[in-house]
Amino acid sequence: YNSTEEINSRLLNFSTILQTVTTLSQLELYLGFTRLDDNGCESIAQILRVSPRIINLHLYIAETNITDDGLSFIASELPFLPLQEFALGFSNTEITDQGIISLSESIGQIPSPLTYLWLSLQELLHDFVQVFTRNSTLISDVGVITLINALSSLPHLSKLYLDLSNCGEVTDRSGERLADFIKLRPQLT
Numbered sequence: 001y002n003s004t005e006e007i008n009s010r011l012l013n014f015s016t017i018l019q020t021v022t023t024l025s026q027l028e029l030y031l032g033f034t035r036l037d038d039n040g041c042e043s044i045a046q047i048l049r050v051s052p053r054i055i056n057l058h059l060y061i062a063e064t065n066i067t068d069d070g071l072s073f074i075a076s077e078l079p080f081l082p083l084q085e086f087a088l089g090f091s092n093t094e095i096t097d098q099g100i101i102s103l104s105e106s107i108g109q110i111p112s113p114l115t116y117l118w119l120s121l122q123e124l125l126h127d128f129v130q131v132f133t134r135n136s137t138l139i140s141d142v143g144v145i146t147l148i149n150a151l152s153s154l155p156h157l158s159k160l161y162l163d164l165s166n167c168g169e170v171t172d173r174s175g176e177r178l179a180d181f182i183k184l185r186p187q188l189t
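In our numbering, the protein residues as written are 1 to 189.
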């Protein structure tokens with residue numbers, strides 16, 4: 001895409017088209033290396049709002065200008081979706097603990113038995129949570145521990161993968177909290 005306005009416009013057009021589709025149950029959006037910003041995330045939230053039957057949602061957004069506000073727009077729609085599978089990948093964004101906390105709160109409110117969760121925010125985790133932390137130092141123990149605590153609201157959690165190896169602000173405290181959580185969940189693989 002040539003400009004932020006172009007990507008945002010296309011997402012809004014996509015949202016309008018989806019309003020006519022009443023049986024959409026799976027949505028995958030790959031928006032890597034675009035000029036997507038927080039306004040684009042608001043458009044993604046609108047897409048989710050007009051697609052209330054989505055049970056499988058995969059969003060991959062890399063190399064963008066998204067901040068905590070953009071993640072909050074998307075997260076605010078999650079409690080209204082009957083999700084069974086959720087994958088969210090962000091890389092090289094400006095998301096901090098505040099965005100992680102917002103996402104954690106929303107994931108904890110998903111009304112259905114979420115069985116698969118893949119999160120990559122360069123430091124995330126969940127149901128089948130893959131957390132990649134390549135070059136991000138914007139997320140600390142505060143965000144990671146909040147996210148681990150939110151896992152307790154997912155009784156069907158069965159797979160967990162977490163990689164915090166390159167996150168400079170995450171300490172052993174997060175690892176200890178994760179180990180404690182895993183001990184209480186023998187069904188985790």
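Beta carbons are placed, not taken as given, at the ideal position from N, Cα and C, and that holds for glycine.
- Inter-residue distance for PHE80 and LEU48 is about 9 angstroms (C-alpha atoms, whole angstroms).
- For GLY40, the closest of ILE139, LEU27, PHE14 and ALA179 by C-alpha to C-alpha distance is PHE14.
- Nearest Cα to ALA75 within the set ALA62, THR64 and ASP38: ASP38.
- About 4 angstroms separates the beta carbons of GLN98 and ASP68, which is inside the 8 angstroms limit, making them a contact pair.
- When secondary structure is reduced to three states using DSSP, ASN56 falls in the strand class.
- By the neighbour-count definition (other C-beta atoms within 10 Å, threshold 16), SER140 is a buried residue.
- Take LEU114, set aside five residues on each side of it, and the residues of its chain with a beta-carbon closer than 7 angstroms to its own are LEU83, GLN84, PHE86, ASP127, LEU154 and HIS156, in chain order.
- CA-CA distance, LEU88 to THR34, rounds to 16 angstroms.
- Judged by beta-carbon spacing, GLU42 lies within the 9 angstroms limit of PHE73, meaning their Cβ atoms are closer than that value.
- Inside the stretch 66-96, DSSP marks whole beta strand (DSSP E) runs of 3 or more residues at positions 85-91, from first to last along the chain.
- In this structure, DSSP gives GLN26 an extended state, which the three-state scheme calls strand.
- Inclusion of ILE182 and THR146 in the CB contact set at 9 angstroms is not warranted, their separation being larger than that value.
- Distances from the alpha-carbon of LEU119 to those of PRO111, SER104, SER174 and SER112 put SER104 closest.
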